[in-house]
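Colleague: Just so you know, the working numbering puts 280 at position 279 of the sequence shown, and the rest follows in order with no gaps.
Note that beta-carbon positions come from the ideal geometry of N, C-alpha and C, so glycine has one too.
Before I ask anything, here is the structure I am working with.
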Amino acid sequence: MTELTKLTLAAALDGLQRKAFSSTEITQAFIDQVEASNETLNAYVVKTPEKALDMAAEADRKIAAGEGGRLEGAPIGVKDLYCTKGVRTTACSNILGEFTPTYESTVTQQLWDAGAVMLGKLNMDEFAMGSSNETSRFGPPANPWRREGSNQTLTPGGSSGGSATAVAADLCLGATASDTGGSIRQPASFTGTVGIKPTYGRASRYGMVAFASSLDQAGPIAKTVEDSAILLEAMCGHDKKDSTSLPEPVPEWRDAVHRGVQGMKIGIPKEYRVDDMPEEIEALWSQGIEWLKEQGAEIVDVSLPHTKYALPAYYIVAPAEASSNLARYDGMRYGTRVAGDNLINTYEGTRSEGFGNEVQRRLMIGTYVLSSGYYDAYYLRAQKVRKKILNDFVTVFGECDALLTPTCPSAAFAYGEKADPVQMYLNDIFTVTANLAGLPGISVPAALDKQGLPLGLQVIGKALDETSCFRVGGALEEAAGFVAKPEKWW
Ligand code: GLN
Numbered sequence: 002m003t004e005l006t007k008l009t010l011a012a013a014l015d016g017l018q019r020k021a022f023s024s025t026e027i028t029q030a031f032i033d034q035v036e037a038s039n040e041t042l043n044a045y046v047v048k049t050p051e052k053a054l055d056m057a058a059e060a061d062r063k064i065a066a067g068e069g070g071r072l073e074g075a076p077i078g079v080k081d082l083y084c085t086k087g088v089r090t091t092a093c094s095n096i097l098g099e100f101t102p103t104y105e106s107t108v109t110q111q112l113w114d115a116g117a118v119m120l121g122k123l124n125m126d127e128f129a130m131g132s133s134n135e136t137s138r139f140g141p142p143a144n145p146w147r148r149e150g151s152n153q154t155l156t157p158g159g160s161s162g163g164s165a166t167a168v169a170a171d172l173c174l175g176a177t178a179s180d181t182g183g184s185i186r187q188p189a190s191f192t193g194t195v196g197i198k199p200t201y202g203r204a205s206r207y208g209m210v211a212f213a214s215s216l217d218q219a220g221p222i223a224k225t226v227e228d229s230a231i232l233l234e235a236m237c238g239h240d241k242k243d244s245t246s247l248p249e250p251v252p253e254w255r256d257a258v259h260r261g262v263q264g265m266k267i268g269i270p271k272e273y274r275v276d277d278m279p280e281e282i283e284a285l286w287s288q289g290i291e292w293l294k295e296q297g298a299e300i301v302d303v304s305l306p307h308t309k310y311a312l313p314a315y316y317i318v319a320p321a322e323a324s325s326n327l328a329r330y331d332g333m334r335y336g337t338r339v340a341g342d343n344l345i346n347t348y349e350g351t352r353s354e355g356f357g358n359e360v361q362r363r364l365m366i367g368t369y370v371l372s373s374g375y376y377d378a379y380y381l382r383a384q385k386v387r388k389k390i391l392n393d394f395v396t397v398f399g400e401c402d403a404l405l406t407p408t409c410p411s412a413a414f415a416y417g418e419k420a421d422p423v424q425m426y427l428n429d430i431f432t433v434t435a436n437l438a439g440l441p442g443i444s445v446p447a448a449l450d451k452q453g454l455p456l457g458l459q460v461i462g463k464a465l466d467e468t469s470c471f472r473v474g475g476a477l478e479e480a481a482g483f484v485a486k487p488e489k490w491w
């Protein structure tokens, strides 16, 4: 039955509709794979096999009656950032203890309404802060990919590392993820999978544990561009419960994937050519340009002059919003409480034991940049920079339809290799810009590097123009013909 787990989501949905196999069969196949691999790969932090089989039985009943939704019977994994009713949700933080929500996030509800089956909750960096999953309370997952000839464990990236691991290792047909500064796209790039962050406001944030509310966006990690379109269509849509959710209809993105790029103008931003970028990534980027040219796109050189300020601005805005959002974890309402002899001690004990080091670092930075006397110098200035970054994009999108860049300045790295937080933050250099400007961005696997590790290319689109991301992403996928899978060692 393991072959079923290797199917793409599109192929599995087709097989389910044709009754080539049942949802119960494919769900059981995934449960077995998760069971056999989780000790090694640590992708799932909560497994819900009974719930999955119940949902699968219901899906089979619906398919038999000809009533299924568009994801009917498809087993997926959920990042531990999404509240799932009756299933422990901790954003992989100790401070949430055994918190079990009494309500469902809008995004996951929409997936269940479409017929998807929940296999469990996926590992991530604590509160989605990180690029490697080293900050998870449950210990990090292992990237199924390794350097050729080495058995060193590599990170699948972060913060959606569990989602990327699960998709790359065939432990679900697709997964939910979230992206505040690159957490969908960077793990996708590190694991040979596809990840898309839609325009800010496309997907509801209701029931997603908040990190930085003006940047957080839901999206999928999937095996192919088409699969990512199928999932994104089900995840997006207006939601009254999120005031930042956009009242926009959801296009048929799946149709855009094979439309080609004939006549499109693709911008190449010169500022994404950074010092110390491995030559192979530079070469892959050039290859990507060639692929798009061959398929009839016009390539234009463009400039986004404020790019160099994006990372510093992000690492002020995101911690500032986090310090405000995470103020609610005080040991009074949910999760862990370390009782002291007075209220202040209780707060202090709870927060210093409940939060890990990286989260504490961000809360301190965030509190500092928002404090009176420093607010203008840091937070306000970062907001002004953010506006300039957005304006750069608005200007270049007068000249082109989408931008092509590398997703990351490196392939997957090993645990402990980036012990200095700033080194870790630098990995987000190509991804944070889309969050600051609220734009959609997709990462598509395009090649293996000399060490045999996947590398991704990123396409950034205009606001609400995910369609162009899917067209260009689909064209890159086809040209790259990336079919490599990690050699199974787990
Ligand atoms: N790596 C970035 C950070 O640590 C982005 C995280 C994210 O997108 N959730 O903030």
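Would you say the beta carbon of S151 is closer than 7 Å to some non-hydrogen atom of the ligand GLN?
Modeller: Checking every heavy atom of the ligand GLN against the Cβ of S151, none is found closer than 7 Å.
Colleague: Give a single yes or no on whether G182 has its beta carbon closer than 7 Å to a heavy atom of the ligand GLN.
Modeller: Yes, the beta carbon of G182 sits closer than 7 Å to at least one heavy atom of the ligand GLN.
Colleague: Skipping 5 residues on each side, what residues in its chain have a beta carbon closer than 8 Å to that of D240?
Modeller: Once the five neighbours on either side are set aside, the close Cβ partners of D240 are T107, S205, Y207, S246.
Colleague: Round the Cβ separation of M425 and S190 to the nearest angstrom and send it over; I've been treating them as touching at under 8 Å.
Modeller: No, M425 and S190 are not in contact; Cβ-Cβ is about 15 Å, not under 8 Å.
Colleague: Identify, in the order they occur along the chain, each residue of the same chain with its Cβ nearer than 6 Å to the Cβ of T136, setting aside the five sequence neighbours on each side.
Modeller: The residues are D126, E127, G357, E359.
Colleague: Are any of the Cβ atoms in chain D nearer than 8 Å to that of T107?
Modeller: No chain D appears in this structure, which consists of one protein chain only.
Colleague: Assuming K86 contacts A178 (C-beta within less than 8 Å), just tell me the rounded distance between them.
Modeller: About 20 Å; that fails the 8 Å criterion.
Colleague: Buried or exposed for W490, going by 16 or more other Cβ atoms inside 10 Å?
Modeller: Exposed, because fewer than 16 other Cβ atoms sit within 10 Å of the Cβ of W490.
Colleague: Whole angstroms are fine: how far does the CA of N39 sit from the CA of P306?
Modeller: Approximately 45 Å between the Cα atoms of the pair.
Colleague: If you compare alpha carbons, which of A481, N95, T25 is closest to R62?
Modeller: Among A481, N95, T25, the Cα nearest to that of R62 belongs to T25.
Colleague: Alpha carbon to alpha carbon, how far is P142 from G264?
Modeller: About 42 Å.
Colleague: Could you tell me the alpha carbon to alpha carbon distance between M2 and D171, rounded to whole angstroms?
Modeller: Since pLDDT at M2 reaches only 45, below the 50 mark, its modelled position is unreliable, and the value read off the structure follows with that caveat. Distance between the alpha carbons of M2 and D171 is about 13 Å.
Colleague: Can you check DSSP and say which residues form a bridge with E299?
Modeller: Answer is K266.
Colleague: Which same chain residues, not among the five before or five after K451, have their C-beta less than 7 Å away from its C-beta?
Modeller: Taken in chain order, the residues that qualify are E281.
Colleague: Does the ligand GLN have even one heavy atom less than 7 Å from the beta-carbon of A383?
Modeller: Checking the Cβ of A383 against the ligand GLN gives no.
Colleague: Can you pull the DSSP bridge partners for Y45?
Modeller: Answer is L123, bridged to Y45.
Colleague: If you run the structure through DSSP and keep just helix, strand and coil, what is M2?
Modeller: Confidence at M2 is low in this model, with a pLDDT of 45, below 50, so its placement is unreliable and the value that follows should be read with caution. Residue state, collapsed to three classes: coil.
Colleague: What's the gap between the Cα of V386 and the Cα of Y310?
Modeller: About 7 Å.
Colleague: Hey, quick one: how far does the alpha helix (DSSP H) through G350 stretch, first residue to last?
Modeller: First-last of the alpha helix (DSSP H) with G350: 344-355.
Colleague: What's the C-alpha gap between S287 and S373?
Modeller: Cα-Cα distance, rounded: 47 Å.
Colleague: Find the nearest neighbour of P473 within the set F431, I197, G417, Y273, judged by alpha-carbon distance.
Modeller: In the sequence as presented, Pro is not what sits at residue 473; that position holds Val. With distances taken between Cα atoms, V473 lies closest to I197.
Colleague: Cβ of D429 versus every heavy atom of the ligand GLN: is any distance shorter than 7 Å?
Modeller: Yes, Cβ of D429 sits closer than 7 Å to a heavy atom of the ligand GLN.
Colleague: Decide if K388 is buried, meaning its Cβ has at least 16 other Cβ atoms within 10 Å, or exposed.
Modeller: K388 is exposed by the Cβ-count criterion.
Colleague: Would you say the beta carbon of P131 is closer than 7 Å to some non-hydrogen atom of the ligand GLN?
Modeller: The displayed chain sequence assigns Gly, not Pro, to residue 131. For the ligand GLN, at least one heavy atom lies less than 7 Å from the Cβ of G131.
Colleague: For G16, report the span of its alpha helix (DSSP H) as first-last.
Modeller: From DSSP, the alpha helix (DSSP H) with G16 extends over 10-18.
Colleague: Count Cβ pairs between the segment 326-345 and the segment 410-427 that sit closer than 8 Å; are there 3 or more?
Modeller: In short, these stretches do not touch, since the Cβ pair count stays below three.
Colleague: Counting Cβ pairs, one atom from each stretch, are 3 or more of them under 8 Å apart for the segment 435-444 and the segment 455-472?
Modeller: Yes: the two stretches touch, three or more of their Cβ pairs being nearer than 8 Å.
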